[in-house]
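Asks:
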Amino acid sequence: MVRCTRYTLTARHLRIEFGVLTRHTEEVELYRIEDTGLASPFFLRLVGLGNLYVLGSDRSTPRILLQAVPNTEGKRQQLRDQVEAARRAKGVRVIE
Numbered sequence: 022m023v024r025c026t027r028y029t030l031t032a033r034h035l036r037i038e039f040g041v042l043t044r045h046t047e048e049v050e051l052y053r054i055e056d057t058g059l060a061s062p063f064f065l066r067l068v069g070l071g072n073l074y075v076l077g078s079d080r081s082t083p084r085i086l087l088q089a090v091p092n093t094e095g096k097r098q099q100l101r102d103q104v105e106a107a108r109r110a111k112g113v114r115v116i117e
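Residues in the sequence shown are numbered from 22 upward in steps of one, following our numbering.
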């Protein structure tokens, strides 16, 4: 199965577009993202890629897997920085 996926990080959203003939789009508000993680399977590491996990409080998409992302650690840090900026802009505080 051929699947085309595009990830877009804006100042307010993480947008995932996927599909070949039928395109689907999901968006998550950045301030709803609670945690991130990464995994680097051996074969992806060989070509400089990794998987990025995003856990959020959004009921429709509580867990998102961004597959085969280049510079995974750098992208994870960029996402975390933008999540913090979005929380400050919205006045959202995380209570654990």
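The C-beta atom is built at its ideal place from N, Cα and C for all residues, glycine as well.
Apart from the five residues just before and just after Gly69, which ones in its own chain have a Cβ nearer than 7 Å to its Cβ?
Replies: Counting only Cβ-Cβ distances below 7 Å, and skipping sequence neighbours, we find Pro91.
Asks: Counting only runs that start and end within the stretch 30-104, where is the alpha helix (DSSP H) found for 4 or more residues in a row?
Replies: Runs of the alpha helix (DSSP H) inside the stretch 30-104: 63-67.
Asks: Does DSSP classify Met22 as helix, strand or coil?
Replies: Unreliable placement is indicated for Met22, whose pLDDT of 42 sits below 50; no coordinate value is reported for it.
Asks: Starting from the Cα of Cys25, find the closest Cα among Arg44, Val113, Ile116, Leu76 and give me that residue.
Replies: Measuring from the Cα of Cys25, the nearest candidate turns out to be Arg44.
Asks: Do you know how far the Cα of Ile37 is from the Cα of Met22?
Replies: Note that Met22 has pLDDT 42, beneath the 50 cutoff, so the model's placement of it is unreliable and the number below is only indicative. Between Met22 and Ile37, the C-alpha separation is close to 18 Å.
Asks: Are Gly71 and Thr93 close, meaning C-beta to C-beta below 7 Å?
Replies: Yes; because the gap between Cβ atoms is below 7 Å, this pair is in contact.
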